[in-house]
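Have a look at the structure below, then the notes.
Residue numbers (this note's numbering): 214 to 516.
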């Protein structure tokens, strides 16, 4: 049995002091939004407890689907690299970027360079994304939907070239008999987010999966616990999102949570169970401070 932990959207804080020249861009909106809203809901008090619980459960691998930072300041990107190094070594932690990691033009390039050991495949590829990591029976396929977008937008896009490479690698990994886990920040299913936060070419991802197949898709971005599906060649493919790893209990969005997947079996007979672990907003005060099992689900795997 292989155990995979998935969490997302830590939005590491607190926000470092920004210079005036850093805020002459879309960053000023994110800077104000942090201090008016996210500084209260994402205090940083909850993320360490969640991370400690992940480590205590000793998963075989950890997946993090983006939005490590807030407005992609250079100091944020550098601090996030130190945080990743403390979390797990690169061979046990896979990262894909989110829209906040690409908040302004040039930020994604700097983030990919800083966090490179955590978002690179087993073999170097000239186009970088998607990258593939083989871990036991799993193939982790890292896709980048991160793009710099305009003010009040948080859209993502993967593009035609990355889509073509994604389809080809999913087909190849399927022929190898691996359990394919697609990691992406923006959800690919229709209606998952508002128009200004959507994956603009989500239909390309759905077409690639419908043709080539995939066993499981994990994403972040929405800060919600969701389980939906998109079409695959052998049946529906589960698409699972997770709340922000930093959100405190008692707010509009669910409290910090991660999912722990137990995967076993073989091609045509895969079994997968998901355990949701996190903070329970409506628990008594003393219990709300502890990470607990929220629910367990059997995940249907096509084939």
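Beta carbons: idealized from backbone N, C-alpha and C, even for Gly.
None of the values given here were measured: they were computed from a predicted structure.
Coil, strand or helix - residue i by DSSP
i           : result
residue 408 : helix
residue 464 : coil
residue 497 : With a pLDDT of 49 at residue 497, under the threshold of 50, the modelled position of this residue cannot be trusted; read the value that follows with caution. Residue state, collapsed to three classes: coil.
residue 314 : helix
residue 482 : strand
Selected residue, minimal CA-CA separation from residue i, among the options
i           : options               : result
residue 270 : 358, 294, 217 and 246 : 217
residue 329 : 444, 266, 381 and 290 : 290
residue 309 : 349, 228, 369 and 470 : 369
residue 477 : 493, 446 and 513      : 513
residue 323 : 301, 292, 300 and 303 : 292
residue 544 : 352, 516, 300 and 357 : Past the edges of the chain, shown from 214 to 516, lies residue 544, and the structure says nothing about it.
residue 399 : 278, 392, 427 and 487 : 278
Cut-off 7 Å between Cβ atoms - residues of its own chain near residue i, not counting five sequence neighbours on either side
i           : result
residue 497 : Its pLDDT being 49, under 50, residue 497 is placed unreliably in this model, and the value from its coordinates should be taken loosely. The answer is none, since no qualifying residue turns up.
Pair within 8 Å by beta-carbon distance, residue i and residue j
i           : j           : result
residue 450 : residue 458 : no
residue 394 : residue 429 : yes
residue 280 : residue 313 : yes
residue 466 : residue 436 : yes
residue 317 : residue 359 : no
residue 468 : residue 491 : yes
residue 473 : residue 453 : no
residue 220 : residue 350 : no
residue 273 : residue 348 : yes
residue 389 : residue 438 : no
residue 306 : residue 315 : no
residue 396 : residue 354 : yes
Distance between residue j and residue i (C-alpha atoms, nearest Å)
i           : j           : result
residue 382 : residue 345 : 8 Å
residue 342 : residue 371 : 9 Å
residue 223 : residue 481 : 35 Å
residue 276 : residue 461 : 21 Å
residue 440 : residue 507 : 15 Å
residue 502 : residue 258 : 10 Å
Same chain only: Cβ atoms within 6 Å of residue i, ignoring 5 sequence neighbours per side
i           : result
residue 415 : 401
residue 366 : 409
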